[in-house]
Every structure is written in structure tokens, then in C-alpha cells.
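Each residue of the sequence shown is one higher than the one before, counting from 155 in our numbering.
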Amino acid sequence: MQDKLALEGAPRQNYQMKSEATKTSRRISNDNLTIVVPVLNEEKGVGAVIDDIYQNGYQNVLVVDGYSSDKTVQAANQKGAAVITQHGRGKSGAIKTALEHVSTPYLLVMDGDYTYDAADIHRFLNHARDYDEIVGARHATHISRLHRLGNRGITWIFNVLFGTTLSDVCSGMYLLKSKSCNHLTLQTKGFSIEVEILAQMSTQGRVTEVPINYRKRIGDAKLTTWKAGTDIVKTIIALARIYNPVFLFSVVTASAALPGLAILVWVFLLWAVGGEHVFHSSWLLAALMLLLLASQAFIIGTVALLLKRSELRIERLVRTEIETNRS
């Protein structure tokens, strides 16, 4: 009886061992990853960030300085990190500069204010082979209510216009596949760079997210909430016009349903109260025309989104086939 149980259990045990081995082999090694840390006047936090990265077993650290006026560069040099000076303005310029210098197959961007936890990097590495970008979805403990509300609104707009299901498109911690970055055309400035990269990756490749911790920052905040939020929303709409124009214009046109319904309700209420002598047939016709326009726009937008997703699936299959043949 024991032999029979042993025989029955052996394949299951072997399967579990193979699954664990497969999972481990799929994870990219730490040497294949460069941690990119964009900084501007982060003297107080950059040293702690670099220590955190080293303590978690990652040695390839690239600090990109945006012409700090304090001792940020000296603090990074003292920790033994490679430091370069960016070209261009803002965080966008820092990321563009980093992409020109990274030589490893993967890079991970994280801010230099200690808000992001290097202990979470392994979560990205477990899935890096299968995706062009992996976004760190932040736990909102140390995010203000205003920032949290704005982030949700921005994420919702992005998901609607690009057909994604992400939960934190403004996260400053994300992993990129280096060869996928060769196809990027970056034009935005400042903190909109995250959504620009994500927009292009979501339309040209595969994206996903993993949960990450989010700590209280060290040093002074540089982000102006309303200005940054407005700039990001403008960037998302502009990017949707470039990468998914039919769906964007369909969504805008479909909004005609709102005034159409309002007019229809108004006409009905007047008719219900005053009878046929206050029935506005012309307004009823206008409402029906708006609703018809909105319904057609909705259908066109749905078809456009389905075609876009089909195109992405075909591109991914072709890309996978090419990479398989090369290997």
C-alpha cells in the first residue's frame, strides 16, 4: 500500500519540482538588470536609495542627475554608483539619457527620494521575459487623498483611451525591456514621461503590473499636484490622438448621448405636465439625432478597439515567432 502511494505521489512531486525549476529559470538574473535612478536635488535621499538597492543584491546602479544644485552627485559617488548628467529637461530628459547608456537587457526606473522599496524588484524580474513593460502599482498608504484621487482619474482616462486595465499609470517605478525601448519616440517633458512610455508600450507590446510598497519620501516634494495632473491628462489625450485616433474621436462623439438624453427627458417632462400643446417636436428630433450620433460613435469605437487589439495580438505572435527562430 505504501509503495502504491509512493508511486502515485512521485509524479506529483516531480511535477512540483519541475514547476519550481521552471519558475526559477524564467526569472532574469540580477546582472541583466540596471537600476536607473533619476535625481534632482535628492541629497537627503539618494544615499539611502543606493544602499537599499545594494542590500537587496543589485549592483548595476545608474544615477542620472538633472543638474542638482546641492550635494546629490557627491552623495551618489560616495556610495559607488555610476553617475551621469542628463541632457534635455526634467525627468523626461533623464529617462532619454538613461536609455542611451544602459547596456543590460532590462532596466528598472525608480525615484531617488526613497519612496520605492528595492525589496520589491524581484517581483518585476519574475515576469520580465514575458512583457515589454511592468508597472509597479503602489500601495496608497503614504499618498495623500488629493494625489490618490487624481491618480485614479488619470488612470481611468488612460484605461478608457488605450484599452488597458492598469491601476497606477503614474507610478515612478517600472521595468522596461531594453530592446523594446528602441521603438520608443519620446517627446513629452517632465512627469508625463511615464504615461508616454506606457502608452507606446501598450500599443506596440505587452504591459502588466505588480504590487509594490510605497514609503514616505525623504526630502522636499517637487511635484505641483494640479499642474502635473493637468499636464499628464493633456499628454494622455494627445497620445491617444496619435496611437488610437479612431477610438478617441469615437469616445468624444459618443459623449453627445449626454445632452441628447437631457433634452429627451426635458421634452418628456414638458409633455407630461402641459400636454400636447407644449410638445416640442423639433427638440425631440434634435435629441434623437444626438442619440443616433452617439450610438454610431460607440459602435465605431468598439470596432476600432477590437481591431486594435487584434492587430496587437498578431504583432505579438509575429514577434514571438521571430524571437523563437533567432534563439
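All C-beta atoms, glycine included, are put in the ideal place defined by N, C-alpha and C.
Give me, in chain order, the residues of the same chain whose beta-carbon lies closer than 7 Å to that of residue i; leave out the 5 immediate sequence neighbours on both sides.
i           : result
residue 347 : 245, 246, 249 and 340
residue 228 : none
residue 358 : 337
residue 186 : 258, 259 and 260
residue 307 : none
residue 226 : 193, 195, 196, 197, 200 and 219
residue 188 : 214, 216, 256, 258 and 261
residue 311 : 387 and 390
residue 283 : 180 and 182
residue 240 : 218, 219, 220, 247, 248 and 251
residue 332 : 256, 258, 259, 260 and 261
How many Å lie between residue i and residue j at the Cα?
i           : j           : result
residue 345 : residue 217 : 17 Å
residue 388 : residue 396 : 13 Å
residue 266 : residue 191 : 6 Å
residue 328 : residue 254 : 17 Å
residue 460 : residue 454 : 10 Å
residue 458 : residue 399 : 9 Å
residue 198 : residue 252 : 22 Å
residue 285 : residue 472 : 15 Å
residue 300 : residue 434 : 44 Å
residue 161 : residue 209 : Because residue 161 sits at a pLDDT of 38, beneath the cut-off of 50, its placement in the model cannot be relied upon, and the following sentence gives the value as read from the coordinates. Near 44 Å, if we compare the C-alpha coordinates of residue 209 and residue 161.
residue 361 : residue 468 : 16 Å
residue 320 : residue 264 : 18 Å
residue 450 : residue 424 : 28 Å
residue 182 : residue 368 : 24 Å
residue 136 : residue 444 : Given a span of 155 to 481 for the chain in the structure shown, any question on residue 136 remains unanswerable.
residue 354 : residue 276 : 24 Å
residue 270 : residue 366 : 8 Å
residue 274 : residue 371 : 17 Å
residue 394 : residue 313 : 11 Å
residue 352 : residue 231 : 31 Å
residue 236 : residue 385 : 31 Å
residue 287 : residue 374 : 29 Å
residue 343 : residue 478 : 36 Å
residue 436 : residue 412 : 18 Å
residue 278 : residue 326 : 14 Å
Can you look up residue i in the DSSP assignment and give me helix, strand or coil?
i           : result
residue 208 : helix
residue 328 : strand
residue 192 : strand
residue 282 : helix
residue 451 : helix
residue 292 : strand
residue 269 : coil
residue 385 : helix
residue 287 : strand
residue 323 : coil
residue 339 : coil
residue 404 : helix
residue 256 : coil
residue 222 : coil
residue 374 : coil
residue 475 : helix
residue 181 : coil
residue 201 : helix
residue 277 : helix
residue 395 : helix
residue 242 : coil
Start and end of the alpha helix (DSSP H) containing residue i?
i           : result
residue 427 : 411-428
residue 348 : 347-358
residue 227 : 226-232
So, for residue i: in the same chain, excluding its five sequence neighbours on each side, which residues have a beta-carbon less than 6 Å away from its beta-carbon?
i           : result
residue 438 : 421
residue 233 : 201 and 204
residue 184 : 211 and 212
residue 383 : 304
residue 280 : 181
residue 447 : 410
residue 272 : 206, 207 and 210
residue 408 : 448, 451 and 452
residue 242 : 250
Taking the beta strand (DSSP E) that residue i belongs to, which residues open and close that run?
i           : result
residue 303 : Note, residue 303: premise wrong, no beta strand (DSSP E); alpha helix (DSSP H) at 299-316.
residue 514 : No statement about residue 514 is possible, as the shown extent of the chain runs from 155 to 481 and does not include it.
residue 361 : 361-366
Kindly indicate if chain D contains any beta-carbon less than 8 Å away from that of residue i.
i           : result
residue 272 : Looking for chain D here will not work: only one protein chain is present.
Per DSSP, residue i forms a beta bridge with which residues?
i           : result
residue 247 : Per DSSP, none; premise fails for residue 247.
residue 216 : 190 and 236
Which same chain residues end up closer than 8 Å to residue i when comparing Cβ atoms and leaving out the 5 residues on each side of it in sequence?
i           : result
residue 222 : 193, 194, 195, 196 and 197
residue 322 : 289, 290, 291, 292, 305, 309 and 363
residue 442 : 414 and 418
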